[in-house]
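A.B. asks: 0 is the number of the first residue of the sequence shown in numbering that gives the first Met the number 0; add one for each residue after it. Every residue gets a Cβ at the ideal spot worked out from N, C-alpha and C, and that includes glycine. One structure, pasted below without further comment.
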Amino acid sequence: MAERNQRELDIHDEFMEEDDISAFPVSTTSPPEIDSASQDHVDDVHNNHVATAPPVQTDQSNPSGMSSPSLSEKPLLNLSIVPVNVRRVTPRSHTPNFFTPLGSPIRRAIRLTKFDPQDAWLPITESRNGNAYYAAFHTLCSGIGIPALVLPVSFTVLGWTWGIISLTVAFTWQLYTLWLLVKLHESTETGMRYSRYLQLFSSTFGDKMGKIFAVFPIYYLSGGTCVALIIVGGSSMKLFYEMLCGHECTSKPLTSVEWYLVFTCAAVVLSQLPNLNSIAGVSLIGAITAIGYCTIMWLVAVTEGRLDGVSYDPKKEESNIAMIFSILNALGIIAFAFKGHNLTLEIQATMPSSDKKPSHVPMWRGVKFAYVIIALCLFPLAIGGYWAYGHKIPPNGGMLTAIYQFHGRDTSTFILALTALFIIVNAVSSFQIFGMPMFDDMESKYITRFNKPCPWWLRSISRAMFGFGCFFMAVAIPFLGSFAGLIGGIAIPITFAYPCFLWLKIKKPKRYSFMWLLNWTLGLSGTALSIILIAAGIYVVIDTGIQVSFFKPQ
Numbered sequence: 000m001a002e003r004n005q006r007e008l009d010i011h012d013e014f015m016e017e018d019d020i021s022a023f024p025v026s027t028t029s030p031p032e033i034d035s036a037s038q039d040h041v042d043d044v045h046n047n048h049v050a051t052a053p054p055v056q057t058d059q060s061n062p063s064g065m066s067s068p069s070l071s072e073k074p075l076l077n078l079s080i081v082p083v084n085v086r087r088v089t090p091r092s093h094t095p096n097f098f099t100p101l102g103s104p105i106r107r108a109i110r111l112t113k114f115d116p117q118d119a120w121l122p123i124t125e126s127r128n129g130n131a132y133y134a135a136f137h138t139l140c141s142g143i144g145i146p147a148l149v150l151p152v153s154f155t156v157l158g159w160t161w162g163i164i165s166l167t168v169a170f171t172w173q174l175y176t177l178w179l180l181v182k183l184h185e186s187t188e189t190g191m192r193y194s195r196y197l198q199l200f201s202s203t204f205g206d207k208m209g210k211i212f213a214v215f216p217i218y219y220l221s222g223g224t225c226v227a228l229i230i231v232g233g234s235s236m237k238l239f240y241e242m243l244c245g246h247e248c249t250s251k252p253l254t255s256v257e258w259y260l261v262f263t264c265a266a267v268v269l270s271q272l273p274n275l276n277s278i279a280g281v282s283l284i285g286a287i288t289a290i291g292y293c294t295i296m297w298l299v300a301v302t303e304g305r306l307d308g309v310s311y312d313p314k315k316e317e318s319n320i321a322m323i324f325s326i327l328n329a330l331g332i333i334a335f336a337f338k339g340h341n342l343t344l345e346i347q348a349t350m351p352s353s354d355k356k357p358s359h360v361p362m363w364r365g366v367k368f369a370y371v372i373i374a375l376c377l378f379p380l381a382i383g384g385y386w387a388y389g390h391k392i393p394p395n396g397g398m399l400t401a402i403y404q405f406h407g408r409d410t411s412t413f414i415l416a417l418t419a420l421f422i423i424v425n426a427v428s429s430f431q432i433f434g435m436p437m438f439d440d441m442e443s444k445y446i447t448r449f450n451k452p453c454p455w456w457l458r459s460i461s462r463a464m465f466g467f468g469c470f471f472m473a474v475a476i477p478f479l480g481s482f483a484g485l486i487g488g489i490a491i492p493i494t495f496a497y498p499c500f501l502w503l504k505i506k507k508p509k510r511y512s513f514m515w516l517l518n519w520t521l522g523l524s525g526t527a528l529s530i531i532l533i534a535a536g537i538y539v540v541i542d543t544g545i546q547v548s549f550f551k552p553q
């Protein structure tokens, strides 16, 4: 009997020295009963080992208190009993070390990279290994485009002084709002990354407001740009073929519709690249060719000299109302030259992010480099083109039309063909990045409904359908380029107004502080300009008229 009691005391001492009592297995079966004499002996020994022991409540019908499955009713297992000769040991935590302490950088990094699980299946966020170089490539490819070639047209209305001032103000304004978007991409308070412009807008102002004010402009910029790229790319293909073939070519040339189809097929094949990161090389090629054709155009215009009879006097209209609307239309042309803000958050979403290395650092580094190059392209293009052609620059096509119309005979065919080739390659490349938000939206519909990744064959079919849908629009509305001012008015809130309101809503700067006043001023000004420019664009289209030719591309 003494040996049995000693064995029970040894078990008791081992239990009290355990580091984590919660890990000790507790049996749910009743322990074996012992006689009352043995119980008295155990109590005596227990009192000798314990400094203070609170009374144990036992059931009167069961004096031993050992048959109950409750841990608190077993005297030998009472958690309040602490042996005097046993050192207190802090229980070991079973939480992995990399989760502690609560405020550690890794814990905050885990909060910062809290994603929607479905993001791993969507083309924009499928790959997150981007860097500053990728950001620069995508920003350059989307930031320089065909609308920039029309910039000298706006100078014919605004003149030298106001033309340069307006271009400088617009460049600075849109660069500031782009910085706002880069900063708003990730929230350290909520741990969310807003990987799409529409997602950020809807989560800030609500789904209803997002559908009313953001859905149409965002997808119009993506889908409408792809339609315009098919028109420009197909027309450039036709021009490129004619320059290579020359007058001695006896083969029957393709029609404009057939060239549109050739361009669309090339764009659809390239669109099968799975995600935004996978087209970084395509964007690099697109950026190089955009820089190439912009540089060639203003260099040819400047080196060939001014045309005879060039005038720099701003164009005058018959009535004051017509003059006002012409000025506003010119501002719309400048506004639309700066595009790509609807892709900023999507580009930043391809980058990894952590507490020590947030994604806005490499993103802003890439953006700064890209916009230095963009400025070196757009300002010489606008100033050099206006200096060379003045009020004679063609209103439709701008520099693209002028270089072939005025220098088609005295400029090397190689230079002209190379310019057309650069435009074609840039249009195909830009189609991919502007189409990516549309691809992402189409696949999200499938993923939301079936909760699984979109299969490769369905992804291929959906992208092909989008491409040929844009082709149909390009054939049906070939005069879409005549609405440059109107499109600029629609695009203004995305670029110039919404980022300011988003910053005010999310960051909540102190009232009447500099940031509060600046963002309210820019946001309201951008909204007012948008409304006025849309009206001005409609007025100019009605007043000057357009050669409407549905299903008859030139």
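Tell me whether the stretch 252-260 and the stretch 415-424 touch, counting them as touching only if at least three CB pairs, one residue from each stretch, are closer than 8 angstroms.
C.D. replies: no
A.B. asks: Residue range of the alpha helix (DSSP H) that H137 falls in?
C.D. replies: A131 to G142
A.B. asks: Tell me which residues share the same chain as A169 and place their Cβ nearer than 7 angstroms to its Cβ, disregarding the 5 neighbours each side in the sequence.
C.D. replies: I333, A334 and F337
A.B. asks: Expressed to the nearest angstrom, what Euclidean distance is found between the alpha-carbon atoms of V474 and M322?
C.D. replies: 33 angstroms
A.B. asks: With a Cβ-Cβ cutoff of 8 angstroms, do S443 and L121 count as a contact?
C.D. replies: yes
A.B. asks: Just verifying my parser: in three-state terms, what is the DSSP assignment at E188?
C.D. replies: coil
A.B. asks: Do the stretch 355-366 and the stretch 152-168 make contact, defined as three or more Cβ pairs closer than 8 angstroms?
C.D. replies: Fewer than three pairs of CB atoms, one per stretch, sit closer than 8 angstroms, so the stretch 355-366 makes no contact with the stretch 152-168.
A.B. asks: In this structure, how does DSSP classify M350 when only helix, strand and coil are distinguished?
C.D. replies: coil
A.B. asks: For the alpha helix (DSSP H) that contains S255, what are its first and last residues?
C.D. replies: Element bounds for S255: S255 to L269.
A.B. asks: Helix, strand or coil: which one does DSSP assign to E317?
C.D. replies: Here E317 carries a coil assignment [DSSP, helix/strand/coil].
A.B. asks: Taking Cβ to Cβ, would you say I556 is nearer than 8 angstroms to T418?
C.D. replies: Nothing in the structure corresponds to residue 556, since the chain is present only between 0 and 553.
A.B. asks: With a Cβ-Cβ cutoff of 8 angstroms, do I432 and L139 count as a contact?
C.D. replies: no
A.B. asks: Which same chain residues, not among the five before or five after P361, have their C-beta less than 7 angstroms away from its C-beta?
C.D. replies: Within the same chain, N130, A131, A134 and M350 come within 7 angstroms of P361 by CB-CB distance, once the 5 residues on both sides are set aside.
A.B. asks: With I145 as the anchor, note down where its alpha helix (DSSP H) starts and where it stops.
C.D. replies: Run containing I145: none; DSSP gives neither H nor E here.
A.B. asks: Return helix, strand or coil for N425, following the three-state DSSP convention.
C.D. replies: helix
A.B. asks: On the criterion of 16 or more Cβ atoms from any shown chain inside 10 Å, does P454 qualify as buried, or is it exposed?
C.D. replies: exposed
A.B. asks: I'd like to check one pair, V267 with R408: are the Cβ atoms closer than 8 angstroms?
C.D. replies: No.
A.B. asks: Are the beta-carbon atoms belonging to L150 and L380 less than 8 angstroms from one another?
C.D. replies: yes
A.B. asks: In chain order, what residues of the same chain have a beta carbon less than 8 angstroms from the beta carbon of L243, not counting five sequence neighbours either side?
C.D. replies: A416
A.B. asks: Under 7 angstroms Cβ to Cβ from I505, same chain only, skipping five residues before and after it: list those, please.
C.D. replies: L183 and T203
A.B. asks: Going by beta carbon distance, what residues of the same chain come within less than 6 angstroms of G365, once the five residues before and after it are set aside?
C.D. replies: A131, A134 and A135
A.B. asks: When you compare each of L220, F262, K210 and P394 to G488 by their alpha carbons, which one comes out closest?
C.D. replies: L220
A.B. asks: My guess is that I217 and Y196 are in contact by the Cβ rule of under 8 angstroms, so how many angstroms apart are they, rounded?
C.D. replies: 6 angstroms
A.B. asks: Contact criterion: CB-CB distance below 8 angstroms. Does D307 meet it with respect to chain C?
C.D. replies: You won't find chain C in this structure, because it holds only one protein chain.
A.B. asks: For L238 and P116, I'd like the C-alpha separation in whole angstroms.
C.D. replies: 47 angstroms
A.B. asks: From which residue to which residue does the alpha helix (DSSP H) around P216 run?
C.D. replies: V214 to C244
A.B. asks: Apart from the five residues just before and just after L306, which ones in its own chain have a Cβ nearer than 8 angstroms to its Cβ?
C.D. replies: A387, Y388, G389, K391 and F405
A.B. asks: Who are the Cβ neighbours of A22 in its own chain at under 6 angstroms, not counting the five residues just before and after it?
C.D. replies: Residue confidence for A22 is low, a pLDDT of 41 falling below 50, so the modelled location carries little weight; the figure read from the coordinates is stated next. Within the same chain, A22 has no close Cβ partners at all.
A.B. asks: Which residues bound the alpha helix (DSSP H) around R462?
C.D. replies: W455 to A475
A.B. asks: Is it right to say D312 is buried, meaning 16 or more other beta carbons lie within 10 angstroms of its own, or is it exposed?
C.D. replies: The C-beta of D312 has fewer than 16 other C-beta atoms within 10 Å across all chains shown, which makes the residue exposed.
A.B. asks: Reducing DSSP to helix, strand and coil, say where P452 ends up.
C.D. replies: Three-state DSSP puts P452 in coil, outside helix and strand.
A.B. asks: The alpha helix (DSSP H) with K338 in it runs from where to where?
C.D. replies: Unbroken run through K338: none, as it is neither H nor E.
A.B. asks: With a CB to CB cut of under 8 angstroms and the five nearest residues on each side skipped, what residues in its chain are close to M437?
C.D. replies: Leaving aside the five residues that flank M437 on each side, the residues in its chain whose CB is nearer than 8 angstroms to its CB run, in chain order, Y218, S221, G222, C225 and F465.
A.B. asks: Quick one: grab the DSSP three-state call for G536.
C.D. replies: helix
A.B. asks: Could you check if L157 is buried or exposed, using at least 16 other CB atoms within 10 Å of its CB as the buried criterion?
C.D. replies: Flag for L157 reads buried.
A.B. asks: How many angstroms separate the CA atom of R127 from the CA atom of Q347?
C.D. replies: 9 angstroms
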